[in-house]
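If you use UniProt numbering, the sequence shown closes out at 171, no skipped numbers anywhere.
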Amino acid sequence: MSSSHLKYLSAYPAHVLSQVERLIADGHLADHLLRRYPGAHDVRTDKALYGYVQDLKDDYLRNAEPVAKVAYDSKIGIVQHALGLHTAISRVQGGRLKAKHEIRIGTVFRDAPPAFLRMIAVHELAHLKEKDHDKAFYKLCCWMEPDYHQIEFDVRLYLTQLDLDGRRLWG
């Protein structure tokens, strides 16, 4: 199997990659994902997505700076090779520098399991407090979503499956 099929999993150890290669060779990757995550979430619109992310922020990051906009973005994944984006646009307001935070989530996750959407939203919200992908960042992600690392791995499996046959599993 070509390692280009496993580009989303390149940081994982060889024994994990061999298990994934076996799932792919046996044609069971999609079945594996569907067993773990049987259905899609119902957060379909940008307005619903904003409310969803705002509820997470209120539960875990009440004192963080506000998020001005949350939206699905069809360009994410194609251009930035990302799942979501957190941007802070700085503007001068009354002699002060003010940051306006926006979160964008790839439209591929509009029809995905609830756990996938939550993991991506948690990741982008964590950037309100921690800018870098360091130990403190991942500790914050795991506080908001205890299964963060497993879900991130499964999202990477799903992206691998999408690359292999282009078939969306949910929605």
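Where is the CB? At the ideal position from N, CA and C, for every residue including glycine.
> Which partner residues of Gly106 appear in the DSSP bridge assignment?
Replying inline: The partner list for Gly106 (beta bridge, DSSP) reads Asp73.
>> Just to confirm the assignment, what range does the alpha helix (DSSP H) spanning His123 have?
In response: If you look at His123, you'll find it in the alpha helix (DSSP H) that goes 114–126.
>> Just verifying my parser: in three-state terms, what is the DSSP assignment at Arg167?
In response: Arg167: coil per DSSP, three-state reduction.
>> Taking the alpha carbon of Ala11 as the reference point, which residue from Arg168, Leu157, Leu164, Leu169 has its own alpha carbon closest?
In response: Checked all of Arg168, Leu157, Leu164, Leu169; the closest Cα to Ala11 is Leu157.
>> Please classify Asp59 as buried or exposed, where buried requires at least 16 neighbouring CB atoms within 10 angstroms.
In response: A residue is called buried once 16 or more other Cβ atoms fall within 10 Å of its Cβ, and Asp59, having fewer, is exposed.
> Comparing alpha-carbon positions, which option in Gly27, His41, Pro146 lies nearest Asp111?
Replying inline: It is His41 whose Cα lies nearest to the Cα of Asp111.
> Which class does Ala48 belong to by DSSP, given the choice of helix, strand or coil?
Replying inline: Helix.
> Relative to the alpha-carbon of Arg35, which residue among Arg167, Leu159, Asp154 has its alpha-carbon at the smallest distance?
Replying inline: The residue with the shortest Cα to Cα distance from Arg35 is Asp154.
>> Whole angstroms are fine: how far does the CA of Ala64 sit from the CA of Arg22?
In response: The alpha-carbon separation between Arg22 and Ala64 amounts to approximately 43 Å.
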